[in-house]
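Beneath this line is the structure, given in structure tokens, with notes to follow.
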Amino acid sequence: TVSFGQHAFEVFHCPGHAPGHVVYYNRAAKFAHVGDVLFRGSVGRTDLPGGDHAALIASIKDKLLPLGDDIGFICGHGPGGRFGEERRSNPFLI
93 TVSFGQHAFE VFHCPGHAPG HVVYYNRAAK FAHVGDVLFR GSVGRTDLPG GDHAALIASI
153 KDKLLPLGDD IGFICGHGPG GRFGEERRSN PFLI
């Protein structure tokens, strides 16, 4: 757990886009900063050194989506969204 003032973030190791990638999850605020792991309608690149598409999809399905459909996310580029919408409609996760 990492704290910034009164805000606590759980830290999840989510490899795939990069071997050491982490996601910061604020349970109280119901949002996660996912960086380049997940995007609205897409997922992060895996063609960079250390990238692994299977590990990326496993990180999303095993660590992020179980947090709940109502959890919002902020990504590294572009608009964020909600895990439930991505679970239902993201072509990389169906």
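One point on numbering: in my numbering, the residue at position 51 of the sequence shown is 143, and numbering is uninterrupted. Even glycine gets a Cβ: it sits at the ideal position worked out from N, Cα and C.
{"Check": "N-terminal and C-terminal residue of the beta strand (DSSP E) that residue 143 is part of", "Outcome": "Looking at the DSSP string, residue 143 is not in any beta strand (DSSP E), and its letter there is neither H nor E."}
{"Check": "Residue 176, enclosing alpha helix (DSSP H) - first and last residue", "Outcome": "175–181"}
{"Check": "Residue 152, buried or exposed, once every other Cβ within 10 Å from all chains shown has been counted against 16", "Outcome": "buried"}
{"Check": "Helix, strand or coil at residue 150 [DSSP, three-state]", "Outcome": "helix"}
{"Check": "Cβ contact (3+ pairs, closer than 8 Å) linking the segment 101–110 and the segment 139–147", "Outcome": "yes"}
{"Check": "Cα-Cα separation, residue 121 to residue 137", "Outcome": "28 Å"}
{"Check": "DSSP beta-bridge partners of residue 131", "Outcome": "134"}
{"Check": "N-terminal and C-terminal residue of the beta strand (DSSP E) that residue 96 is part of", "Outcome": "94–96"}
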